[in-house]
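> If you scroll down you'll find the structure; I have some questions about it.
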Amino acid sequence: MATYIGWRVRELRQRKGLTTYELAKRSGILRPNISRIESGRHVPSVETLDRLARALGVSPADLL
Numbered sequence: 001m002a003t004y005i006g007w008r009v010r011e012l013r014q015r016k017g018l019t020t021y022e023l024a025k026r027s028g029i030l031r032p033n034i035s036r037i038e039s040g041r042h043v044p045s046v047e048t049l050d051r052l053a054r055a056l057g058v059s060p061a062d063l064l
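Throughout the sequence shown, residue numbering follows full-length UniProt numbering, covering 1 to 64 in sequence.
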């Protein structure tokens, strides 16, 4: 599950033309944590998923 969520976050971020730095700034999540999520090394909490989804302009369900 962590790998899939990370893949979706990276895919949506790249589709929006954002860097990890820009996504971190928009979401309020530290850049290293975004990198860990995207690489599948960290399973984000529901709150983190919500913040990422808002920053990417999608529904949290789109990340799952």
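Think of the CB as a built atom: it goes at the ideal place given N, C-alpha and C, for glycine as much as any other residue. Fair warning: this is a prediction, and the values are worked out from it, not measured in the lab.
#1: Going straight from the alpha carbon of residue 8 to that of residue 29, what length do you get?
#2: Tell whether a beta-carbon distance below 9 Å holds between residue 81 and residue 27.
#3: How about residue 56 and residue 16: do their beta carbons lie closer than 9 Å?
#4: Note down, one range per segment and in chain order, each beta strand (DSSP E) of at least 3 residues found wholly within the segment 8-35.
#5: Does the distance from the C-beta atom of residue 21 to that of residue 36 stay below 9 Å?
#6: Hey, how far is the Cα of residue 14 from the Cα of residue 42?
By the coordinates alone:
#1: 17 Å
#2: Any question about residue 81 goes unanswered here, given that the chain covers just 1 to 64.
#3: yes
#4: none
#5: no
#6: 19 Å
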